[in-house]
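All remarks here apply to the structure that follows.
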Amino acid sequence: ESPLLLGLSDKGNFASSDTVAFIDHTKTVIPLDSGELAEITPTSHTILRIADGKPVEKKTVTLEWSLEEASREGYPHYMLKEIFEQPRALRYSLNLQRLYLELTAELLDRSKTVYLVAAGTSYHSCLAGSYMYSKLAALPTIPVVASEFIEQYGRSVNVDSAVLLVSQSGETADVLAAAEYARLRAATLLAITNVLGSTLTRITRAYLLQQSGPEIGVAATKTYTSQLLVHLQIALHLGRKRGKLSQAEVDYYREALQKTPQLAEEVLKSHSKLMEQLAKQYRDKKHFYFLARGLNTATALEGRLKLLEISYTPATAYPAGESKHGPIALIEKDFPVIFIAPKDGDRKLIMGNIMEMKARGAEIITLGAEDDEELKELSNSYVPMPEVPEILTPIIYIIPLQLFAYYMAVEKGLDPDKPRNLAKSVTVL
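Just so you know, we're using the numbering used here here: the sequence shown kicks off at 146 and counts up by one.
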């Protein structure tokens, strides 16, 4: 059940759980399935079924990225390079195979219950995706942490269920365990992944490739925003198919999608120095809150995860409306609270949350519209964001938070590419 890949070349053959190990030697890969073994020499390979020892014919997969793409290219860390690669990754993610996009939308629409199953950062993309499917297509979906899927929803999964599995590597053990359980209960399996030939691409009815390119840094950055963009394209396709969007609305959102890479590029150019300065200012803080409402609840959770995992700074994230139900008890003078507060339908409510935190002495750091003077006035530190359609805010507003986490790690003398106790692909339960 753990991934195993063969790399084939005229200079030798290789075996690894990740293509990064041999990408500088070959781009020709054979993924092994459960119950198979491989005998390899420098010049030959044979794949056998463990059960009976009989040979198995396997197709090769050609990797679409190179060693150059997996190098740092002058950046001090892979994480920073990958943050700045997001405009390009988003452009690639706009080019989904239309046949698979239509099939995915058709299978989701046909199902009575839709589960969005993932772990870590990919789960946050599913949480944001659940809002997108609801807002654009009036399709209720259930985002679930993969390790809890069987216990929480196992008895509800059946032939009328669709399970959309999301994993950058396509090999996340908890996600594959959920997939196997759902398969045995005859559910329809679908996937979003970044790795062609991964287990998820082989066990699902349809899959969509993010096409983000290799991501070496342990903390996911460009693959997160690419996943959001894939969810958004599925939601838009479903909204049109289900008759929930007018043609004018479809055209508006399609035009907005095409602007996403440019918006990401603008934010990267204008915000890198600002977030570095804020990291210097707040590096000694012992705890942070990340608060948002609606669609950007996932942005708060993801911003918190980035800060926690690479700078080892304790942080808490939750929907801003929950403050009065316990978390506000921790607020005291100069306690830093980061608000994600775009101009959307929740603005009036989140303004109330900001004021209640400020009244108790919190230090307010806000990501909001660049022309929102009222919000600037309430904030100790303000991160001005460009005008963005509400549905795109999770993609654009996470970028400054990624930069903030990166610079916080650097300020503390830590290596953001190698956070302790973590691995890029979690292939064990």
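Note that CB positions come from ideal geometry on N, CA and C, so glycine has one too.
Here the structure is a predicted model, which means the values were calculated and not measured.
Straight-line CA distance for residue i to residue j?
i	j	result
Gly506	Arg449	21 Å
Ala401	Asp429	39 Å
Ser162	Pro148	5 Å
Phe294	Ile287	10 Å
Tyr434	Leu548	17 Å
Tyr527	Leu244	43 Å
Phe484	Val206	44 Å
Thr458	His432	6 Å
Tyr260	Thr249	13 Å
Ser154	Asp197	28 Å
Met496	Ile510	13 Å
Phe167	Arg565	24 Å
Thr188	Leu151	13 Å
Leu537	Thr405	8 Å
Leu408	Glu522	25 Å
Just list the residues that DSSP pairs residue i with in beta bridges.
i	result
His576	This structure gives no information on residue 576, because the portion of the chain shown stretches from 146 to 574.
Phe433	Ala460
Tyr260	Ile287 and Val308
Ser526	Ile510
Leu153	Asn158 and Thr173
Pro200	Leu193
Val206	Val174
Using a 10 Å radius around the Cβ and a threshold of 16 neighbouring Cβ atoms, would you call residue i buried or exposed?
i	result
Ala327	buried
Ala554	buried
Pro531	exposed
Pro487	buried
Pro221	exposed
His470	exposed
Met500	exposed
Asp319	buried
Gly274	buried
Asn303	exposed
Ala393	exposed
First and last residue of the alpha helix (DSSP H) that includes residue i?
i	result
Gly384	Lys367 to Lys386
Phe484	No alpha helix (DSSP H) holds Phe484; the beta strand (DSSP E) holding it covers Pro481 to Ala486.
Ser343	Taken as a continuous stretch (DSSP letters only), Ser343 belongs to no alpha helix (DSSP H), as it is neither H nor E.
Phe294	Phe294 to Tyr298
Leu405	It should be pointed out that residue 405 corresponds to Thr in this sequence rather than to Leu. Element bounds for Thr405: Gln392 to Tyr427.
Phe549	Thr538 to Glu556
Thr249	Arg243 to Arg255
Leu475	Leu475 -> no alpha helix (DSSP H), and no H or E assigned at all.
If I follow the unbroken beta strand (DSSP E) through residue i, where does it start and stop?
i	result
Ala351	Ala351 to Leu354
Thr338	Thr333 to Thr338
Since I believe residue j is in contact with residue i (beta carbons under 8 Å), could you give me their beta-carbon distance rounded to a whole number of angstroms?
i	j	result
Ala291	Ala332	That belief does not hold up - the Cβ atoms of Ala291 and Ala332 are roughly 14 Å apart, past 8 Å.
Lys367	Leu281	Not a contact, Cβ separation roughly 23 Å.
Gln313	Ala365	6 Å
Cβ of residue i versus every heavy atom of the ligand ZN: is any distance shorter than 6 Å?
i	result
Lys430	The ligand ZN is absent from the structure shown, which contains no ligand whatsoever.
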